[in-house]
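Everything on this sheet refers to the single structure shown next.
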Amino acid sequence: SAGLSDMGAAMGKPELRFWVVEHPTAMILAIIAAHAGHALSKRTNPSPRRHQLATAGFGLALLFVLVGIPWASRGPL
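In the numbering used here, the protein residues as written are 270 to 346.
Below, the structure is given as structure tokens:
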């Protein structure tokens with residue numbers, strides 16, 4: 270891809286920067302947040318705290334996914 274071969278040029282174009290840097294980063298952070306929420310909730314005794322940890326992890330993952338979605342306002346690539 271043109272963005273991966275010349276990162277300097279990719280940083281100068283917002284649409285290309287989104288696909289090369291921002292989108293993959295947001296999706297990786299979403300995976301990490303979901304995994305952490307699940308893992309922490311499994312280690313906690315059955316209690317409301319267990320559900321709070323899972324909800325926080327999955328909620329944060331959802332936030333990262335929403336940030337990483339190529340909404341129409343970003344324009345076409």
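Quick reminder that beta carbons are idealized off the backbone N, C-alpha and C, glycines included.
Fair warning: this is a prediction, and the values are worked out from it, not measured in the lab.
Using a Cβ-Cβ cut-off of 7 Å (strictly less than) and excluding sequence neighbours within five positions of residue i, which residues of its own chain qualify?
i    : result
A325 : G306
V336 : A295
With a CB to CB cut of under 8 Å and the five nearest residues on each side skipped, what residues in its chain are close to residue i?
i    : result
F333 : A295, M296, L298, A299, A302
Drop a sphere of 10 angstroms on the beta-carbon of residue i, count the other beta-carbons inside from all chains shown, and report buried for 16 or more, exposed for fewer.
i    : result
S316 : exposed
L322 : buried
S349 : The first residue shown for the chain is 270 and the last is 346, placing residue 349 beyond what the model contains.
A308 : exposed
By Cβ distance below 6 Å, which residues in the same chain neighbour residue i in space, the five residues on each side in sequence not counted?
i    : result
R286 : A279, M280
Return the CA-CA distance between residue i and residue j, expressed in angstroms with no decimal places.
i    : j    : result
G277 : R318 : 45 Å
F327 : P283 : 28 Å
H292 : H304 : 18 Å
W340 : A330 : 17 Å
H320 : V290 : 32 Å
I338 : N314 : 35 Å
What is the DSSP secondary structure of residue i, counted as helix, strand or coil?
i    : result
W340 : coil
T294 : helix
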